[in-house]
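Enquirer:
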Amino acid sequence: MTTPPNVGEHRYLDRAAEAALLGVHPDSVTRYRNRHPDYPPAVTCPCCGAEVRDRAAVEAWKTSRPGRGAGGGRPKTKETP
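So for the sequence shown, the numbering used here puts the first residue at 314; every next one is plus one.
1. What are the partner residues of Glu441, as DSSP defines its beta bridges?
2. Please return the same chain residues whose Cβ sits closer than 6 Å to the Cβ of Tyr325, not counting the five positions on each side in sequence.
3. Would you decide whether Ala363 is buried or exposed? Buried here means 16 or more other CB atoms lie within 10 Å of its CB.
4. Between which two residues does the alpha helix (DSSP H) holding Tyr345 run?
5. Relative to the C-alpha of Pro339, which residue among Ala355, Arg328, Lys375 is closest?
Quick look at the structure:
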């Protein structure tokens, strides 16, 4: 797995770093946090007290996602002969 730019190997990720790791826009990270109960919970960074996510937890969540086209969305219509 390649590391996205500006993420590095930091243990804690802010919203922008989460987005880079997941390959999405930062607004998508906010939606993930609100819509997915299994999204990793926030932790308090010991150095600055900011709300961050643990990198290993975000990576594990990313690998557990079903991927594009897996369920959901509008059902395909059936053609009638």
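Positions of the beta carbon are idealized from the N, C-alpha and C atoms, including for glycine.
Expert: Walking through what the data contain:
1. There is simply no residue 441 to check, as the chain begins at 314 and stops at 394 in what is shown.
2. Locating residue 325 in the sequence shown gives position 12, where the first residue counts as 1. Here the set comprises Cys358, Val365.
3. Along the sequence shown, read from residue 1 onward, the residue named residue 363 stands at position 50. Looking at its Cβ environment, which holds fewer than 16 other Cβ atoms inside 10 Å, Ala363 is exposed.
4. The residue labelled residue 345 in the question sits at position 32 within the sequence shown. Tyr345 -> alpha helix (DSSP H) spans 339 to 348.
5. Indexing the sequence shown from 1 puts residue 339 at position 26. For the residues Ala355, Arg328, Lys375, the minimum Cα distance to Pro339 belongs to Arg328.
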